[in-house]
Structures are given as structure tokens and as C-alpha cells.
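Engineer: I have a structure here, written as C-alpha cells, and I will follow up with some questions on it.
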Amino acid sequence: MRSRQVDTASDGAVIEARDLHVGFGATTRSGQPPIRAVDGVELAIGRGEIVALAGESGCGKTTLARALLGLERPWRGQVLQHGQPLRYGTRALRGYRRQVQLVLQDPSGALNPRRTVYEAVAEGLRIHRLPGDERDQVARALSLAGLRPAERFFSRYPHELSGGQRQRVVIAGALVLDPAVIVADEPVSALDASVRGEILALLLSLREQLGLSVLVVTHDLGLAWNIADRLAVMYLGRIIESGPTEQVLGAPRHPYTGALLSVLPESTHRAPVVLRGEAPDPSRVPSGCRFHPRCPALGDGSAGRAGIADRCRSEPLRMLPAAAGHTAACLLARSSEPDGSVDPADAGPAADRAVPA
Amino acid sequence: MNLLEIRDLRVSYRINGEDLPAVRGVDLDVQAGETVGIAGESGCGKSTLAGAVLRLLPNGTRVTGQVRLAGEDVLSMSWGRLRAVRWNTASIVFQAAMHGLNPVRRIGQQIAEPILVHEPAAGTRRAAARAAELLEQVGVPAWRVRSYPHELSGGQRQRVMIAMALACDPQLIVADEPTTALDVMVQAQVLNLLRDLVRERGVGLLMISHDLSVLADLCDRVAVMYAGRVVEQGPGGRLFTDATHPYARALAAAFPVIGDPASRMAPRGLPGDPPDPRELPSGCPFHPRCPDAVVVCGETDVRLREAGPDRTAACVHVGVTQEREGIR
Chain R
256 MRSRQVDTAS
266 DGAVIEARDL
276 HVGFGATTRS
286 GQPPIRAVDG
296 VELAIGRGEI
306 VALAGESGCG
316 KTTLARALLG
326 LERPWRGQVL
336 QHGQPLRYGT
346 RALRGYRRQV
356 QLVLQDPSGA
366 LNPRRTVYEA
376 VAEGLRIHRL
386 PGDERDQVAR
396 ALSLAGLRPA
406 ERFFSRYPHE
416 LSGGQRQRVV
426 IAGALVLDPA
436 VIVADEPVSA
446 LDASVRGEIL
456 ALLLSLREQL
466 GLSVLVVTHD
476 LGLAWNIADR
486 LAVMYLGRII
496 ESGPTEQVLG
506 APRHPYTGAL
516 LSVLPESTHR
526 APVVLRGEAP
536 DPSRVPSGCR
546 FHPRCPALGD
556 GSAGRAGIAD
566 RCRSEPLRML
576 PAAAGHTAAC
586 LLARSSEPDG
596 SVDPADAGPA
606 ADRAVPA
Chain F
1057 MNLLEIRDLR
1067 VSYRINGEDL
1077 PAVRGVDLDV
1087 QAGETVGIAG
1097 ESGCGKSTLA
1107 GAVLRLLPNG
1117 TRVTGQVRLA
1127 GEDVLSMSWG
1137 RLRAVRWNTA
1147 SIVFQAAMHG
1157 LNPVRRIGQQ
1167 IAEPILVHEP
1177 AAGTRRAAAR
1187 AAELLEQVGV
1197 PAWRVRSYPH
1207 ELSGGQRQRV
1217 MIAMALACDP
1227 QLIVADEPTT
1237 ALDVMVQAQV
1247 LNLLRDLVRE
1257 RGVGLLMISH
1267 DLSVLADLCD
1277 RVAVMYAGRV
1287 VEQGPGGRLF
1297 TDATHPYARA
1307 LAAAFPVIGD
1317 PASRMAPRGL
1327 PGDPPDPREL
1337 PSGCPFHPRC
1347 PDAVVVCGET
1357 DVRLREAGPD
1367 RTAACVHVGV
1377 TQEREGIR
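In order, the protein sequence lines correspond to chains R and F. Going by our numbering, the first residue of the first sequence is number 256, and it counts up by one from there. Going by our numbering, the first residue of the second sequence is number 1057, and it counts up by one from there.
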């Protein structure tokens, strides 16, 4: 079972981050950049899969998304497309970006106010000099994005559209290039609640119709529950928990995920665990488990009772593998595994693959 | 006596010689120690309503109806009296990430300013001490009085805004989207702070938000606005879990409850967009988007009516059957 899951998520990945590190600032004597925005991430997105990447501001989720788009260059590790490492030459990148398209948060900022809908959508076709009838392709993209009849929108300007319609134009601009993957960074956070659901439903239907893969970057766990097959939760440059959305949100294993869920306003069955302070600074990553200074399990003594408190403070944790199963980078979660089985986070991806089906 | 009493409030903005109605007849009460929420989407009039409470709307805005704050009529108040009432009787907390703090003045000075305006006798030194005290109360270290806004995180800036609002010990706090730009964990910290203030000081809190789930959690009562009117009003939690007005229901459904199988892989929204205030639809302004609309909805403009204990809703489908007969 487990090995089959690995096949879809990792080996058959459309895009994948392997041992990815992205930093900012001049490299120091230790050979590392001072700001470690993405600090060792493995993540794979399979064909037709919707993966949500969640975390608070400053956790590195947007930098990771930008690296997957080829907009940031890792100082260590790789981005792979169908198993081939991404090359950063101009031409190679142009081809890559046609297949991996970005949709941004604020549709008003993403559209040029002096260009019509038609021009906004056709721009990508012109940049990539794609063959075929431009009008047909623009019309097809607009109607895929739910703007029908498409011709009625051709000559409209962004200010004549509602927020939801603008975001559909942005999505049409991505779809017109026939991409394999869409990376959507907070695609609905600037939209009204009633419009939000419509845009999320659009992403789901695009996956159905086109087999599109989607990486949604969000701070909103409800959004993951709404549309994501898998969820990865990021904290201070690392994925600290990932797995099928139902499992991660239904039975979180990492205390950070648990705390995030507990403070959601609609969460009634969990006692709220309000962490003190804010997401810390990627230029000062704590030793040991990077979450330990804020960890409620260390605070309430449950890590101490499990006899791991010292290890939490000193022992660096391994990167979570890009496997499809439910994993958490937490010593406590591992020590309380019901069957005492080896957690994939401990054994690493190679050992994980060796587990017979 | 109600701390805040709003009756038939109507506000229209004058833009390019045209009157744009933003609030079209709202009644609302807030009592001391009570938290009342106003939910709605962009353009529904919720922030205009908040601004009208302290007469913070731009010049040329037409405001009619009544706003009584601790028994005094705000709309007919003299400017001098209004200045005294702002901060002192009622204060407002804006979304701090956007504006609200002066970037070139120290935090302490900014908190001390309303104190000095209202109590010149306090003196700079005592006002500064009070500013430090207030910062501690909202969970920001007192030494931050020396900091500038850019040195603070978003959550801390929002706390500073709340500290400012508390500076003159007001009876009513109006909070307009106080947690909107904040992360969930920081949002939870700020909401806890507001909750404690209401509990410990007995202030009245009028909280405006687009996020119905936050309001349902925090507020005793919630009013949902659409096109300048309250379309449903009731106890916070119940309004979220079982709304009667189709719009309130759709808005509640737009916030998925994690773990609820009904919303798994099924995001819910509403087709269409909120109406343009220049061309409000006939009848019920929600009828063009309403899943339950019937013929009368396009003809009859329904006002709030009883929809169960402590509940009112503005929908033909709500309430007693005789009324329906009457409409036919």
C-alpha cells in the first residue's frame, strides 16, 4: 500500500522539490546564506493532484512556491520536472514556465488596468509564440475559467469586472498556455467569502476536466479542507507535517498543526492552544526541533514525561520525505506511534520504499 | 439603557453628483459588556455603519436617523462635544496593517496623545507612564513605547491600536476588521485580548468583520448585512450554524468547518456579485442571487421580521404563514 502511494506522489511527480534550500543574503563562512527561507524541503505534486501548502506569514511557503516556479534558485537541492532537474538557462526556464503557471493573490494587481481582458489573456500566447488561432485559444481559456460567453468579455477592462471575474481572467491567462501545473499563491484571500467558494470550485473542476495539478499556497486550513488531496504544513522553512488532508486535519500529529487547528474560530471540540509570539525569524533558526521554543508539548511537560525534552532542544530532525503517507517531524509524535512502527520521517525515503505492499 | 442605540440609520455618499446609498435603514443596539458583530462582504455598508457611530465619514455624506451613544445623540452633537466623546466614550480600532499608526512617531507618543487631548492636566510624564501600562495590558513589552511602528510585527501593531483605543477608558469600542491581515495564531491572541477586555472592563464591543466564523465565535449577537441593510440578526453561534436568511446561510457555508464531510472537496459560494448601489434590484435586493427566490421576491421589499426566539430575518420565506398569505 505504502509503496504504491509513493509511486503516485514521488516517482510519478509532475514537479518535485528534493532537498530544497533557498536562502537570501550573501553566503557566510559556514557556506550557508544568513536567511534560510526554505531550509530543506521535499515535496512532490502528482498528476491531477491538488496539494495545499499551509503556514503562517514568514514560514517560507511563498519562497518555496517561487522556487518551484523557477523564480528563485536554490543554493542546495533541486527542483525536478518529471524527474529531470530544472535548468536555469533562459530558454529552458521559458519552456518550464509555460508548463508551470503562477496565479497570484490579488487579481487587481495582477492585471494591467489599461489592457482589455483579451489582451491580458493573449499576452502569454504572444510571449511564448504559440501556434494556432489566438482568438480561439483566448475564448477557450476564458470559458474554461467560467467566463461565458467568452466573446462578451474580450473588450472589457479590469475595472468593469468584479473581483471574482478578475481572478477568473488571471486564471484564464494561465490556462491559455495549457500548463500541467498551476501554482496558486493565496488565490482567494483577496476575495469576498461568497466569491471564494466559486473560485475554489473552479480549481476543482479544472483538475477534473484537464487533469491539472495544483499547488495552492495558503494560510487557510479551511481552504485545504475544501479542495486539497494532500496538505503540507510549513514552519520556519521546513515542512513539519504532511499527508492526506483528512488525516492531517482530522488527526494532526505535530503539535504545531494541532495548535493551528485549535485556534480556528469554528473549532469547538478542541481546547484552544494559543501559542505565544509569532512565527520566528528565518535568520535565527533554533537548534534541535525548530519549533521547540514555542512547542506546547514542551511547555506542558508531556515531552518531558516521554523522556525526549532534551532531544527536542538539541537533536536536529530529518527532512520529511515527499511520500504520500501521513508524516510529522516530531519526536513526540514518533514516540507515541500506536504500533511502535518506524516512522518514515525517521527511516527516510529509501527505507520507506522498501516497505512491502 | 442601551450603550449604543442606532435607529433607522441611512447613509449615502455623494459621488460625482450622484447619491450612493451605503446604509439603508439599520437598527442596532449594543449594551455594556456585550459583543455585537456585523458581518458582510465588501460594499455591504458595514464599515460605513462603524464610521457613522463616531461621525467619521467624509464631508458631504448624508446621514439620517439616530445614533445615541450613552444616551446622547451623536448626529446632532456639536464638534466640541464630539471631540470629547471620541476616545472617551467610544473609540475605534482600525485594521492596523493598513493605516492608523503614524510611521514617524514613537508608539508611546501615539498612545499618549489621546490621553493628553482629553486630560491635559495629566502631563506628559504621567501620560507616558500610562501608555507603557496600556502596552503591558495588551501584551506588548512596555519598552516598546520607544519603538516606531515599523519595528513591530503585525500582531503587535494591532495590539498598539487596541491600547490606543483603551487609552481614555471608553465604554464602547468599535473594531473594524481588527484581525483581518493577521495570521490565525496572532488572530487568536488578539481575539482573546478583546474577549478579556469585554469581560474585565464591561465595555461594549461592536465588531465589524467579513469573517462570519470569527464573529460567531466571539459575539453574543451577530447582524448580517447585505446591500446596506441587516438581513438577519441573532445569537452569534446559532446564526452561523443555522441561519434562516438564504444570504446568511450562504455566507456561513462559505466558511468550511474542518472535519465536516459536507464541505470536503465541496467549496461553496454564491454565483453572481453583490449589487451595485446605483442600480439596486427591485424587491428584495438579494433575489437575483438567491437560490430560494420566488416571484414575489422581485416585487416585495421584505423588512426584518421575527424568525424565532431572539432572531429576525428579512426574507419572505421566514415567519408566520398568515404573512405569506397576505403577500399573495
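For every residue, glycine included, the Cβ atom is placed at its ideal position computed from N, Cα and C.
Looking at chain F, which residues of the segment 482-493 of chain R have a Cβ within less than 7 Å of any of its Cβ atoms?
Structural biologist: Only ILE482 from the segment 482-493 of chain R bring a Cβ to less than 7 Å from some Cβ of chain F.
Engineer: Across the segment 582-589 of chain R and the segment 1229-1236 of chain F, are there enough close Cβ pairs to call them in contact, namely three or more that are closer than 8 Å?
Structural biologist: no
Engineer: Would you please state the rounded distance, in angstroms, between the beta carbons of VAL471/R and ALA483/R? I believe it to be under 8 Å.
Structural biologist: 6 Å
Engineer: Any chance the segment 1345-1362 of chain F sits against the segment 1294-1306 of chain F, with 3 or more Cβ pairs inside 8 Å?
Structural biologist: yes
Engineer: Using the C-alpha atoms, what's the distance from GLU389/R back to PRO368/R?
Structural biologist: Roughly 21 Å between the two C-alpha positions.
Engineer: Go to GLU378/R, then tell me how far its alpha helix (DSSP H) extends in each direction, as first and last residue.
Structural biologist: 372-382
Engineer: Would you please state the rounded distance, in angstroms, between the beta carbons of ARG493/R and ASP274/R? I believe it to be under 8 Å.
Structural biologist: Going by Cβ atoms, the distance from ARG493/R to ASP274/R rounds to 12 Å, so no, they are not a contact pair.
Engineer: Nearest to GLY1293/F by alpha carbon, out of LEU1271/F, MET1281/F, VAL1141/F?
Structural biologist: LEU1271/F
Engineer: Check distances from the C-beta atoms of the segment 1324-1336 of chain F to those of chain R and list, in chain order, the residues that come in under 8 Å.
Structural biologist: Cβ contacts with chain R: ARG1324, GLY1325, LEU1326, PRO1327, ASP1329, PRO1330.
Engineer: Which residues mark the beginning and the end of the alpha helix (DSSP H) in which SER569/R is found?
Structural biologist: 564-569
Engineer: Less than 6 Å between C-beta atoms, sequence neighbours within five positions excluded: which residues of the same chain meet that for ALA1369/F?
Structural biologist: GLU1288, THR1300, HIS1301, ALA1363
Engineer: Rounded to the nearest angstrom, how far is the Cβ of VAL269/R from that of ILE300/R, given a contact under 8 Å?
Structural biologist: 6 Å
Engineer: Can you pull the chain F neighbours of ASP447/R, defined as C-beta to C-beta under 8 Å?
Structural biologist: GLU1097, SER1098, HIS1266, PRO1330
Engineer: Could I get the ranges of all uninterrupted beta strand (DSSP E) runs contained in the segment 1211-1258 of chain F, with 3 residues as the minimum, in chain order?
Structural biologist: 1228-1232
Engineer: Taking the continuous alpha helix (DSSP H) assigned at THR512/R, which residues delimit it?
Structural biologist: Run containing THR512/R: 510-517, per the alpha helix (DSSP H) assignment.
Engineer: Does the beta carbon of LEU1295/F come closer than 8 Å to any beta carbon on chain R?
Structural biologist: Not an interface residue.
Engineer: With H, G and I counted as helix, E and B as strand and the rest as coil, what does DSSP make of THR317/R?
Structural biologist: helix
Engineer: Where do the ends of the beta strand (DSSP E) carrying HIS625/R lie?
Structural biologist: Residue 625/R falls outside the range modelled here, since chain R spans only 256 to 612, and no answer is possible.
Engineer: Quick one: does MET1057/F have its CB under 8 Å from some CB of chain R?
Structural biologist: At least 8 Å separates the CB of MET1057/F from every CB of chain R.
Engineer: Only counting the same chain, and skipping five residues up and downstream in sequence, which positions put a Cβ closer than 8 Å to that of GLU453/R?
Structural biologist: Around GLU453/R: GLY401, GLY419.
Engineer: Considering only DSSP beta bridges, list what VAL488/R is partnered with.
Structural biologist: ALA309/R, GLU496/R
Engineer: Whether or not the segment 1196-1211 of chain F and the segment 1127-1147 of chain F are in contact is what I'm after, with contact meaning three or more pairs of Cβ atoms, one per stretch, closer than 8 Å; do they touch?
Structural biologist: Using a Cβ-Cβ distance cut-off of 8 Å, the segment 1127-1147 of chain F and the segment 1196-1211 of chain F are not in contact, since fewer than three pairs of beta carbons, one from each stretch, lie closer than that value.
Engineer: Could you list which residues in chain F have their beta carbon closer than 8 Å to that of VAL518/R, in chain order?
Structural biologist: Against chain F, the beta carbon of VAL518/R has neighbours under 8 Å at VAL1240, MET1241, GLN1243, ALA1244, listed in chain order.
Engineer: How would you write the range of the alpha helix (DSSP H) that ASP1273/F sits in, first residue to last?
Structural biologist: 1268-1274
Engineer: Which chain F residues sit within Cβ distance under 9 Å of SER456/R?
Structural biologist: Looking at the sequence shown, residue 456/R is not Ser but Ala. Here the neighbours are ALA1322, PRO1323, ARG1324, GLY1325.
Engineer: At a Cβ cut of 7 Å, what residues of the segment 1304-1319 of chain F count as close to chain R, listed as they run along the chain?
Structural biologist: Listed by position along the chain: ALA1306, LEU1307, ALA1310, PHE1311, PRO1312, VAL1313, ILE1314, GLY1315, SER1319.
Engineer: Mind listing the chain R neighbours of VAL1173/F? Cutoff is C-beta to C-beta under 7 Å, in chain order.
Structural biologist: The premise fails here: VAL1173/F is roughly 32 Å from chain R at the closest Cβ pair, so nothing lies under 7 Å.
Engineer: Just the Cα atoms here: how many angstroms apart are GLY315/R and ALA579/R?
Structural biologist: 21 Å
Engineer: In the DSSP assignment, find the alpha helix (DSSP H) that holds PRO289/R and state where it starts and stops.
Structural biologist: From DSSP, PRO289/R is part of no alpha helix (DSSP H); its letter is neither H nor E.
Engineer: Can you pull the chain F neighbours of HIS547/R, defined as C-beta to C-beta under 9 Å?
Structural biologist: The premise fails here: HIS547/R is roughly 16 Å from chain F at the closest Cβ pair, so nothing lies under 9 Å.
Engineer: Who are the near neighbours of LEU359/R in its chain, counting only those whose CB is closer than 6 Å to its CB and skipping five residues on each side?
Structural biologist: ALA365, ASP440
Engineer: Exposed or buried, which one is GLN464/R when buried takes at least 16 other CB atoms within 10 Å?
Structural biologist: Around the beta carbon of GLN464/R, fewer than 16 other beta carbons sit within 10 angstroms, so the residue counts as exposed.
Engineer: Which residues of chain R have a Cβ atom closer than 7 Å to the Cβ of ASN1248/F, listed in chain order?
Structural biologist: VAL529
Engineer: DSSP three-state call for GLU1061/F: helix, strand or coil?
Structural biologist: strand
Engineer: Between the Cα of LEU572/R and those of SER557/R, PRO541/R, LEU530/R, GLY559/R, spot the shortest distance and give me the residue it belongs to.
Structural biologist: PRO541/R
Engineer: Does chain F have any CB closer than 8 Å to the CB of VAL450/R?
Structural biologist: yes
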